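Below is one structure, written out as structure tokens; comments come after it.
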Amino acid sequence: MVLAVIGIMAFIAVPFLLTYTSGATIDYGARELRSGLNRAKLMAVTTRQPVCVQPTAGGYQFFQNTTCTGTPWSGTGTDANGVFRLSNNMTATLAAGANPVFNQFGVAVQTGTLRVTGPTGGAMTVSVEASGRVRIP
């Protein structure tokens, strides 16, 4: 009897656990990207230069200009190509608007919405508002 109850509980819990871990992974990826966008904003303020954020395959890059052209910024947290990699095989793409650009005051002179997609296909968006606020709707 006890084993039957444990079996039924496991039968109910396993699908829930699988769904939860997938959603939690995507949520983590969106929060990781939000943190990166806030880092770009802080970098723009501390260097007093505009910073453009461009999504790439498997991550995102910073450019110290308003057009996301030229050589990407490379430093702590980037690979040899200047890419900040998202964990858990996440991808970041531009969902709406343009590549976000922050000015020396931390204000977004160009707003945009980025989409984080997980390996199972689930996705969340991260938006940059004109005030410079970065949020997950």
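The working numbering numbers the first residue of the sequence shown as 2 and each following residue consecutively.
Backbone N, C-alpha and C fix where the C-beta goes; we use that ideal spot for every residue, glycine too.
Every value quoted in this text rests on a predicted model; they were computed, and no experiment measured them.
For ALA97 and VAL3, the gap between their C-alpha atoms comes out near 53 Å. Within the same chain, and ignoring the five residues on either side of MET44 in sequence, the residues whose Cβ sits closer than 7 Å to its Cβ are VAL52, PHE63. When the Cα atoms are used, GLY133 and ALA109 turn out to be separated by approximately 5 Å. Taking 7 Å as the cut-off, the beta carbon of GLY30 is found no closer than this to the beta carbon of VAL135.
In this structure, the beta-carbon distance from LEU87 to GLY60 falls below 7 Å. Runs of alpha helix (DSSP H) with 4 or more residues, each lying fully within the stretch 22-67, are absent.
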